[in-house]
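Residue numbers (my numbering): 66 to 137.
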């Protein structure tokens, strides 16, 4: 499986609308990604995707908006 990186902006900046990295990793895992790991509290996520279409930004963005109620 190819390794992918999601560089999310505006995550945990200024202490507003904090997203726990464990919750962010769970959101990526729920999309079917493997070996999901986050880097610090930056919102950067490294994961493996067996399906390239699932790893598109629009799919990830929609899932994160549903899970956390906001867009990155």
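In this text, a Cβ means the ideal position worked out from N, Cα and C, and glycines have one as well.
For residue 112, the secondary structure class from DSSP, reduced to helix, strand or coil, is strand. In the structure shown, residue 70 falls within a strand segment according to DSSP collapsed to helix, strand and coil. Look at residue 101 here: in three-state DSSP terms it is strand. With distances taken between CA atoms, residue 68 lies nearest to 99 out of 91, 99, 77. Using a 10 angstroms sphere on the CB of residue 110, the tally of other CB atoms reaches 16 or more, which defines it as buried.
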